[in-house]
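Colleague: Got a structure for you, written out below as structure tokens; questions coming shortly.
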Amino acid sequence: MLLNGTGEVIDDHEYPATTEELIEEYGDRTLELPNGTETVSDVLARLEPETFENSEDARFAVYSAVSDKAVGRVGYSDRDPTPVGSPYSPDAVSF
649 MLLNGTGEVI DDHEYPATTE ELIEEYGDRT LELPNGTETV SDVLARLEPE
699 TFENSEDARF AVYSAVSDKA VGRVGYSDRD PTPVGSPYSP DAVSF
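This is how it looks when you write it as structure tokens:
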């Protein structure tokens, strides 16, 4: 998901670093997602201000804050049956 070298620049950044510092430095970088794009600024702006101790913490923050553009069909699961009353349940079929 972190394309265009974004993951590498986050890894190479000097830590500790704040959310604001990362937005200021890399906010204009585009993340290519399965259903569109978002900037690092858009993603990190969803988070509370935080100080990241290392690049792994910063990467996880980006992963956790991307929108539903990063997932396939919203609400889809091929593992569990759709709960009764779910807005994602298929229409009933009568034979």
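FYI, the numbering for the sequence shown is 649 to 743, going by the numbering used here.
Where is the CB? At the ideal position from N, CA and C, for every residue including glycine.
1. My output table needs one value for Thr-730: the three-state DSSP class, helix, strand or coil.
2. Relative to the C-alpha of Val-688, which candidate in Ser-737, Pro-729 and Gly-653 has its C-alpha closest?
3. Check whether the region 731-743 and the region 684-701 are in contact - that is, three or more C-beta pairs closer than 8 Å.
4. In three-state DSSP terms, what is Glu-656?
5. Based on DSSP bridge pairs, tell me the residues matched to Leu-679.
6. Taking the Cβ atom as the reference point for each residue, do Val-746 and Leu-681 lie within a distance shorter than 8 Å?
7. Beta-carbon within less than 8 Å of Leu-670's beta-carbon, same chain only, minus the 5 sequence neighbours each way: which residues are those?
Modeller: Based on what the coordinates show:
1. Taking the first residue of the sequence shown as position 1, residue 730 is located at position 82. Residue state, collapsed to three classes: coil.
2. In the sequence shown, residue 688 corresponds to position 40, counting from 1. Of Ser-737, Pro-729 and Gly-653, the residue nearest in Cα terms is Gly-653.
3. Put simply, the region 731-743 does not touch the region 684-701. Fewer than three CB pairs are less than 8 Å apart.
4. By one-based count along the sequence shown, residue 656 stands at place 8. Correct three-state label for Glu-656: helix.
5. The residue given as residue 679 occupies position 31 in the sequence shown. In DSSP, Leu-679 forms a bridge with Glu-686.
6. Residue 746 falls outside the range modelled here, since the chain spans only 649 to 743, and no answer is possible.
7. Numbered from its first residue, the sequence shown carries residue 670 at position 22. Apart from sequence neighbours up to five positions away, the residues of its chain that approach Leu-670 with a beta-carbon distance below 8 Å are Ile-658, His-661, Val-688, Leu-692, Phe-700 and Ala-706, ordered along the chain.
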